[in-house]
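**Student:**
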RNA sequence: GCGGUUGUGGUGAAGUUGGUCAACACUCUGGAUUGUGGCUCCAGCAUUCGCGAGUUCGAGUCUCGUCAAUCGCCCCA
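Numbering (the numbering used here), first residue to last: 19 to 443.
1. Assuming residue 203 is part of the beta strand (DSSP E), what are its boundary residues?
2. Going by beta carbon distance, what residues of the same chain come within less than 6 Å of residue 126, once the five residues before and after it are set aside?
3. Would you mind giving the Cβ-Cβ distance between residue 356 and residue 405, rounded to the nearest angstrom? I have them listed as a contact below 8 Å.
4. Which residue marks the beginning of the alpha helix (DSSP H) containing residue 53, and which one marks its end?
5. Would you say the beta carbon of residue 39 comes nearer than 7 Å to a heavy atom of the ligand MG?
6. For a quick check, are the C-beta atoms of residue 151 and residue 257 less than 8 Å apart?
7. For residue 395, which residues of its own chain have a beta-carbon under 8 Å away from its beta-carbon, when the five flanking residues on both sides are left out?
8. Between the beta-carbon of residue 290 and the beta-carbon of residue 180, is there less than 8 Å?
9. Can you give me the C-alpha to C-alpha distance between residue 250 and residue 184, rounded to a whole angstrom?
10. Could you check whether the segment 324-332 touches the segment 112-120, counting it as contact only if at least three pairs of C-beta atoms, one from each stretch, sit closer than 8 Å?
11. The beta strand (DSSP E) with residue 300 in it runs from where to where?
12. With a Cβ-Cβ cutoff of 8 Å, do residue 410 and residue 353 count as a contact?
13. Please report the residue range of the alpha helix (DSSP H) in which residue 355 lies.
14. Just to confirm before moving on: does the CB-CB distance between residue 308 and residue 188 stay below 8 Å?
15. When the Cα of residue 196 is compared with those of 61, 268, 221, 172, which residue comes out closest?
16. Taking the alpha-carbon of residue 319 as reference, which of 374, 57, 109, 95 has the nearest alpha-carbon?
17. Counting C-beta neighbours from all protein chains within 10 Å, is the total for residue 344 16 or more, i.e. buried, or is it exposed?
18. Flag this pair as yes or no: are the beta carbons of residue 284 and residue 254 separated by less than 8 Å?
19. Identify, in the order they occur along the chain, each residue of the same chain with its Cβ nearer than 7 Å to the Cβ of residue 86, setting aside the five sequence neighbours on each side.
20. Can you give me the C-alpha to C-alpha distance between residue 172 and residue 45, rounded to a whole angstrom?
21. Which same chain residues, not among the five before or five after residue 436, have their C-beta less than 8 Å away from its C-beta?
22. When you compare only the Cα positions, how much space is there between residue 384 and residue 368?
23. At what residues does the alpha helix (DSSP H) containing residue 256 begin and finish?
24. What does the alpha-carbon distance come out to for the pair residue 375 and residue 83?
25. Taking just the CA atoms, how far does residue 276 sit from residue 244?
26. Just to confirm the assignment: which complete beta strand (DSSP E) runs, minimum length 3, are found wholly within the segment 388-436?
27. Tell me the rounded alpha-carbon separation between residue 303 and residue 92.
28. When you compare each of 399, 392, 413 to residue 358 by their alpha carbons, which one comes out closest?
29. Select from 24, 167, 248 the residue whose C-alpha is nearest the C-alpha of residue 265.
30. So, with DSSP's three-state summary, where would you put residue 96?
31. Excluding five sequence neighbours on each side, which residues of the same chain lie with their C-beta closer than 6 Å to the C-beta of residue 27?
32. Which of the three DSSP states, helix, strand or coil, is assigned to residue 290?
33. According to DSSP, is residue 266 helix, strand or coil?
34. Spatial neighbours of residue 68 within its chain, please: C-beta separation below 6 Å, excluding the five flanking residues on both sides.
35. Hey, could you find the ends of the alpha helix (DSSP H) residue 313 is sitting in?
36. Can you tell me which of 239, 114, 262, 261 puts its alpha carbon nearest to the alpha carbon of residue 273?
Pasting the structure below:
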């Protein structure tokens with residue numbers, strides 16, 4: 019028969035892992051809360067046009083999407099990233115009319131990309147991200163980097179660094195595009211196949227090619243900086259100044275241009291330098307977008323945001339031995355000796371109602387086996403229901419740590435637990 | 001989309017030039033000890049080696065296909 023298993027590039031998150039997920043998610047939500055970002059939940063799929071924008075040349079948009087159409091309706095696509103859906107929602111609900119700009123949103127959830135899976139790269143993956151829309155300020159660019167940075171640091175990750183660059187405003191950017199094309203025009207034959215393709219669709223990406231890295235024409239390529247207008251330079255200076263003031267270490271990486279071509283001004287990427295992260299080193303990355311809101315039909319309004327891959331965060335947390343939560347110890351385990359009917363379940367229910375984590379023995383088992391369960395659950399108190407005591411309305415309560423045992427009437431079980439468990443905290 | 005490596009029980013894994021019983025360790029289950037465990041001792045736990053074909057008298061071991069994981073390229077969170 020068929021062997022059922024998770025589809026390629028997807029994974030089951032089992033309880034031992036989901037505890038860690040919950041821990042990370044909780045940390046993220048608390049940081050967002052402090053920074054005044056509120057959660058937005060948009061659909062898992064959108065009209066394909068939301069993700070496939072005109073003039074967008076990235077491969078992600080071109081071929082890595084899960085696109086489908088059912089019952090002859092419009093083409094839909096499983097979201098490959100968070101920003102597009104949020105901007106769509108921002109415009110649809112006219113959030114630009116909000117009295118308090120910027121609008122500060124965060125999202126967390128599954129994203130889908132048809133790619134070849136690798137460590138830290140899956141077809142269904144979880145991403146957390148924020149978008150700050152409506153106010154264009156270098157202070158906000160720095161603020162969101164600080165937010166992301168504090169999550170990474172809050173998790174205890176050490177080996178990360180912030181890479182940052184600026185693409186300048188629309189004008190600077192297109193000026194540079196032409197300057198670059200001009201420069202490489204005579205060197206086209208030397209370039210690799212990918213670069214020839216990039217030359218046409220997105221010359222900016224020529225700069226971070228790994229194959230042609232050492233070519234002479236790469237080294238002599240004009241830098242983006244020369245094409246920046248004064249306004250763009252000043253903007254970037256202020257972003258860096260703010261990062262300095264916040265004592266966030268960064269590295270300016272002139273090659274950093276990022277994949278999505280809606281970015282303007284600041285782009286950044288926080289990468290891990292830990293060997294475990296392999297080639298999938300980016301922990302979070304993003305940048306400012308001046309024209310996206312307008313593209314979706316809103317007013318001319320700038321925004322800035324980033325996306326963070328949670329699987330990677332988890333991999334890094336484990337690689338750096340960050341202590342993640344274990345299953346909490348059990349407060350009480352109700353053991354059954356002989357024929358005691360439903361009494362263990364009754365007691366367990368009562369104990370649970372009192373707010374204690376409690377398990378009970380449901381099938382006839384030897385005392386030894388039951389004590390093994392007690393040990394495995396790291397139980398604090400064993401409640402032992404025996405036939406003899408049951409007839410007298412009594413039950414044994416054993417403090418596992420101190421190895422002391424007393425016999426009390428049913429009515430005093432909770433009081434006794436309160437005393438034992440309350441005393442140790 | 002391209003190239004490399006790997007795939008044996010719940011877990012970690014041995015498996016020699018293809019030749020009966022698929023080692024060992026941990027976990028788990030039961031017993032010694034039907035009502036008080038964590039030590040010890042004993043016993044049990046893979047009709048089967050990712051899946052499917054093929055070669056062979058015989059395949060975990062060879063071939064092909066397929067699925068998956070992983071590393072690198074591409075791309076990117």
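Just so you know, even glycine gets a beta-carbon here, dropped at the ideal spot from N, CA and C. Quick caveat, the model's predicted, so the values are computed rather than measured.
**Tutor:** Let me lay it out:
1. No beta strand (DSSP E) contains residue 203, which DSSP labels as neither H nor E.
2. Around residue 126: 146.
3. Rounded, the Cβ-Cβ distance is 4 Å, consistent with contact.
4. Its alpha helix (DSSP H) spans residues 33-53.
5. As far as ligands go, the structure on display features none, and thus does not contain the ligand MG.
6. Cβ distance not < 8 Å, so residue 151 and residue 257 don't count as in contact.
7. So the qualifying residues of the chain are 347, 348, 351, 377.
8. Judged by beta-carbon spacing, residue 180 lies beyond the 8 Å limit of residue 290, meaning their Cβ atoms are not closer than that value.
9. Looking at the two C-alpha atoms, the distance is approximately 8 Å.
10. Because the criterion of three Cβ pairs below 8 Å is not met, the segment 324-332 and the segment 112-120 do not touch.
11. Here the beta strand (DSSP E) through residue 300 covers 300-307.
12. At a Cβ-Cβ threshold of 8 Å, residue 410 and residue 353 do not count as neighbours.
13. Where residue 355 is concerned, there is no enclosing alpha helix (DSSP H), although the beta strand (DSSP E) around it starts and stops at 350-355.
14. In contact: residue 308 and residue 188 (Cβ atoms closer than 8 Å).
15. Considering only alpha carbons, the answer is 221.
16. Distances from the CA of residue 319 to each of 374, 57, 109, 95 were compared; the closest alpha carbon is that of 109.
17. So residue 344 counts as exposed.
18. Going by C-beta atoms, residue 284 is nearer than 8 Å to residue 254.
19. Cβ neighbours of residue 86 within its own chain (closer than 7 Å, five residues either side excluded): 94.
20. Straight-line Cα distance between these residues: approximately 8 Å.
21. So the qualifying residues of the chain are 372.
22. Straight-line measurement puts the Cα of residue 368 at about 24 Å from the Cα of residue 384.
23. For residue 256, the uninterrupted alpha helix (DSSP H) segment begins and ends at 248-263.
24. Approximately 44 Å between the Cα atoms of the pair.
25. Roughly 19 Å separates the two Cα atoms.
26. The qualifying runs are 399-404, 412-417, 422-427.
27. The alpha-carbon atoms of residue 303 and residue 92 are separated by roughly 31 Å.
28. The shortest C-alpha separation from residue 358 is found at 413.
29. For the options 24, 167, 248, the alpha carbon positioned closest to that of residue 265 is the one of 167.
30. Three-state DSSP puts residue 96 in a strand.
31. These residues qualify, in order along the chain: 135, 140, 141.
32. Here DSSP, grouped into helix, strand and coil, assigns residue 290 to strand.
33. Residue 266 falls in the coil class under three-state DSSP.
34. So the qualifying residues of the chain are 102, 106.
35. Note, residue 313: alpha helix (DSSP H), 310-313.
36. Comparing alpha carbon positions, the residue from 239, 114, 262, 261 closest to residue 273 is 239.
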